[in-house]
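*Asks:* Handing you a structure now.
Number of protein chains: 2
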Amino acid sequence: MPRHTDTRSRILELAHSLLQAHGFHGFSYRHLADALGIKTAAVHYHFRNKADLGVELVIELRRKFQCWATDIDNRTLKAMERLDGFCEMHRMILDHGGSSPFGLLDVLVDQLPERMSREVLVLAGEIHGWLARTLRQGLASGELSFHGEPDDQALIVGAAILGALLMARALGADKYRSAIAQLKKQLTPGK
Amino acid sequence: MPRHTDTRSRILELAHSLLQAHGFHGFSYRHLADALGIKTAAVHYHFRNKADLGVELVIELRRKFQCWATDIDNRTLKAMERLDGFCEMHRMILDHGGSSPFGLLDVLVDQLPERMSREVLVLAGEIHGWLARTLRQGLASGELSFHGEPDDQALIVGAAILGALLMARALGADKYRSAIAQLKKQLTPGK
DNA sequence: GTCTATAGCTTGATAGAC
DNA sequence: GTCTATCAAGCTATAGAC
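Chains A and B supply the protein sequences, listed in that same order. Per my numbering, the first sequence starts with residue 1, numbered consecutively. Per my numbering, the second sequence starts with residue 1001, numbered consecutively.
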């Protein structure tokens, strides 16, 4: 019940969860204003237009992901445990009514304001980089097992998690768990 | 240059491609009307409201998938060749500006009219069923290799293809090819 | 089967008072 | 920093003429 004293951060916080749940086009200034007990004009004061708001949202997502990544990388975990953390983070999004990777979505990146989609691409690259690095280390140490390049493997691991998250919204959260379990099975050495 | 004599099927055809490219909320009756040189009221004549149009679109998608599936199943192909066909069908969607599985999207199924999302779920089940069956046969005949249940494997194969398709819109079509190649590598026995 | 005309809503955005 | 008031534009949908 602390911080977020000012209206601006309250807007940002609410917009963040609405972005995750409904996508960028799935909420309006009116939604924000009504839910916060203010007027749309007040929202426009803090974010001149919706594209500006969108850009700041994605920048915040990037910041959050970097914090998460450096934190988990510093904890000297096994590669599979890091991947677990990655999947778990996504599952939490699912539990909170979220849909896509980080809410970065609309998934359909080309339907976003241009400045915003540019930031989304940067974020996507950062996520892919982290995944590839984690997979490469796990492969080198023998904790993980897969064929081909870590960069390519990171591509389908990322795609599978994204896809599983989206499918889970339609088919139920247990399908997400099944899919992730199967994904881990593929990466486990030995059998 | 043949068939689609009547306005109704012209609407359906155009709506189909717009659904694939922009999602259900990404086109309007005005878009349809303007592009076809008719008025919105004419569209309303053929489809009383947009939910009705959406339902018929998904039903048509189901019909198309069933045709595709029975056709490819009758051609006595190897399991991997069938999966290739599945991936290839999706790649064509990508090339035509499409985004999601069949355009069934908005990906965010829970933002669709209820009757429509119900049909989407049926379609999702049919696709999963086909994938699981194909994987099971491939595993039994030794053409494919993976651990765990075919049902679970179908889940992540489907998720990976869906995710790859969406990522490709942001990162480029070559990323889709890379991801699919990596996916096939995982399913290939021997190495 | 297609049209005109229109209703009623929601959206993003701005100007100016307090 | 927040408000009132207002705008043009977009949307779905309907009634009724042709």
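Just so it is clear, CB atoms sit at the ideal spot from N, CA and C, and this is done for glycine as well.
Determine whether the Cβ of residue 1185 of chain B lies closer than 8 angstroms to any Cβ atom of chain A.
*Replies:* Taking Cβ atoms only, chain A reaches closer than 8 angstroms to residue 1185 of chain B, which makes this a yes.
*Asks:* Report the start-end ranges of each alpha helix (DSSP H) in the stretch 1042 to 1112 of chain B that is 4 residues or longer and not cut off at the edges.
*Replies:* If we require 4 residues or more, the alpha helix (DSSP H) runs fully inside the stretch 1042 to 1112 of chain B come out as 1050 to 1073 and 1079 to 1095.
*Asks:* Confirm, please, whether the CB-CB distance from residue 24 of chain A to residue 112 of chain A is below 8 angstroms.
*Replies:* Yes.
*Asks:* Kindly indicate if chain A contains any beta-carbon less than 8 angstroms away from that of residue 1131 of chain B.
*Replies:* Not one chain A Cβ lies under 8 angstroms of residue 1131 of chain B.
*Asks:* Tell me, please, whether the stretch 146 to 164 of chain A touches the stretch 1156 to 1171 of chain B by the rule of three or more beta-carbon pairs shorter than 8 angstroms.
*Replies:* These segments touch.
*Asks:* Could you check whether residue 189 of chain A and residue 142 of chain A sit closer than 8 angstroms to each other, using their CB atoms as the reference points?
*Replies:* A contact, by the Cβ cut-off of 8 angstroms.
*Asks:* Looking only at C-alpha atoms, which of B:1029, B:1092 and B:1085 sits nearest to residue 1044 of chain B?
*Replies:* Of the candidates B:1029, B:1092 and B:1085, the one whose C-alpha sits nearest the C-alpha of residue 1044 of chain B is B:1029.
*Asks:* Using a threshold of 8 angstroms, state whether the C-beta atoms of residue 1119 of chain B and residue 1058 of chain B are closer than that.
*Replies:* Yes; because the gap between Cβ atoms is below 8 angstroms, this pair is in contact.
*Asks:* Could you check how far apart the C-beta atoms of residue 54 of chain A and residue 92 of chain A are, in whole angstroms? I think they sit under 8 angstroms.
*Replies:* Actually they are not in contact, since the Cβ atoms of residue 54 of chain A and residue 92 of chain A sit about 22 angstroms apart, beyond 8 angstroms.
*Asks:* Using a Cβ-Cβ cut-off of 7 angstroms (strictly less than) and excluding sequence neighbours within five positions of residue 144 of chain A, which residues of its own chain qualify?
*Replies:* Excluding sequence neighbours, residue 144 of chain A sits near 79, 80, 135, 138, 187 and 189.
*Asks:* Name, please, each residue of chain B whose Cβ falls closer than 9 angstroms to the Cβ of residue 11 of chain A.
*Replies:* The premise fails here: residue 11 of chain A is roughly 22 angstroms from chain B at the closest Cβ pair, so nothing lies under 9 angstroms.
*Asks:* Between residue 1159 of chain B and chain A, is the shortest Cβ-Cβ distance under 8 angstroms, so that the two count as touching?
*Replies:* Yes - at least one Cβ of chain A is within 8 angstroms of the one on residue 1159 of chain B.
*Asks:* Going by beta carbon distance, what residues of the same chain come within less than 6 angstroms of residue 52 of chain A, once the five residues before and after it are set aside?
*Replies:* Result list for residue 52 of chain A: empty, nothing under 6 angstroms.
*Asks:* Under 8 angstroms between C-beta atoms, does residue 1031 of chain B make it to chain A?
*Replies:* No, its Cβ sits nowhere closer than 8 angstroms to a Cβ of chain A.
*Asks:* Of all Cβ atoms in chain A, is any one closer than 8 angstroms to the Cβ of residue 1169 of chain B?
*Replies:* Yes, residue 1169 of chain B lies at the interface with chain A (some Cβ there is under 8 angstroms from its Cβ).
*Asks:* Could you tell me if residue 1096 of chain B is buried or exposed, where buried requires 16 or more neighbouring beta carbons within 10 angstroms of its beta carbon?
*Replies:* That one is exposed.
*Asks:* Let me know the secondary structure DSSP gives residue 128 of chain A once reduced to three states.
*Replies:* Correct three-state label for residue 128 of chain A: helix.
*Asks:* Can you tell me whether residue 98 of chain A is buried or exposed? The criterion is at least 16 other CB atoms within 10 Å of its CB, across all chains shown.
*Replies:* With 16 or more Cβ atoms within 10 Å of its Cβ, residue 98 of chain A is classed as buried.
*Asks:* Measure from the C-beta of residue 1020 of chain B to each C-beta in chain A and report whether the shortest distance is under 8 angstroms.
*Replies:* So, not an interface residue.
*Asks:* Alpha helix (DSSP H) containing residue 1189 of chain B: first to last residue?
*Replies:* Unbroken run through residue 1189 of chain B: none, as it is neither H nor E.
*Asks:* Give the straight-line distance between the Cα atoms of residue 1017 of chain B and residue 1089 of chain B, rounded to the nearest whole angstrom.
*Replies:* Distance between the alpha carbons of residue 1017 of chain B and residue 1089 of chain B is about 15 angstroms.
*Asks:* If we cut at 8 angstroms on Cβ distances, does residue 1015 of chain B have a partner in chain A?
*Replies:* No, its Cβ sits nowhere closer than 8 angstroms to a Cβ of chain A.
*Asks:* From residue 1110 of chain B to residue 169 of chain A, what distance separates their C-alpha atoms?
*Replies:* Cα-Cα distance, rounded: 7 angstroms.
*Asks:* So residue 1149 of chain B is in the alpha helix (DSSP H); what residue range does that whole segment cover?
*Replies:* That residue, residue 1149 of chain B, is in no alpha helix (DSSP H); it is neither H nor E in DSSP.
*Asks:* Thinking residue 1150 of chain B and residue 1164 of chain B are a contact (beta carbons under 8 angstroms), I'd like their distance in whole angstroms, please.
*Replies:* That belief does not hold up - the Cβ atoms of residue 1150 of chain B and residue 1164 of chain B are roughly 20 angstroms apart, past 8 angstroms.
*Asks:* In angstroms, rounded to a whole number, what distance separates the CA positions of residue 1066 of chain B and residue 6 of chain A?
*Replies:* Straight-line Cα distance between these residues: approximately 55 angstroms.
*Asks:* How would you write the range of the alpha helix (DSSP H) that residue 28 of chain A sits in, first residue to last?
*Replies:* Taken as a continuous stretch (DSSP letters only), residue 28 of chain A belongs to no alpha helix (DSSP H), as it is neither H nor E.
*Asks:* Considering only residues of the same chain and omitting the five flanking positions on each side of residue 60 of chain A, which have a CB-CB separation below 8 angstroms?
*Replies:* Excluding sequence neighbours, residue 60 of chain A sits near 12 and 16.
*Asks:* Return the Cβ separation of residue 10 of chain A and residue 36 of chain A in integer angstroms, given the expectation that the two are a contact with Cβ distance under 8 angstroms.
*Replies:* Indeed, because the Cβ distance is near 6 angstroms, the residues count as touching under 8 angstroms.
*Asks:* If you reduce the DSSP assignment to three classes, tell me which class residue 175 of chain A lands in.
*Replies:* Correct three-state label for residue 175 of chain A: helix.
*Asks:* Quick one: is residue 23 of chain A near chain B, going by C-beta distance under 8 angstroms?
*Replies:* Yes, its Cβ sits closer than 8 angstroms to a Cβ of chain B.
*Asks:* Hey, is residue 156 of chain A's beta-carbon within less than 8 angstroms of any beta-carbon in chain B?
*Replies:* Output row for residue 156 of chain A: interface = yes.
*Asks:* Determine the burial state of residue 48 of chain A: buried for a count of at least 16 other Cβ atoms within 10 Å of its Cβ, exposed for fewer.
*Replies:* With fewer than 16 other Cβ atoms within 10 Å, it is exposed.
*Asks:* Near residue 1087 of chain B, what residues of its chain come up, given a Cβ to Cβ distance below 7 angstroms and the 5 sequence neighbours on each side ignored?
*Replies:* Here the set comprises 1161 and 1180.
*Asks:* On the premise that residue 33 of chain A lies in contact with residue 21 of chain A, defined as a C-beta separation below 8 angstroms, what is that separation, rounded to the nearest angstrom?
*Replies:* That belief does not hold up - the Cβ atoms of residue 21 of chain A and residue 33 of chain A are roughly 17 angstroms apart, past 8 angstroms.
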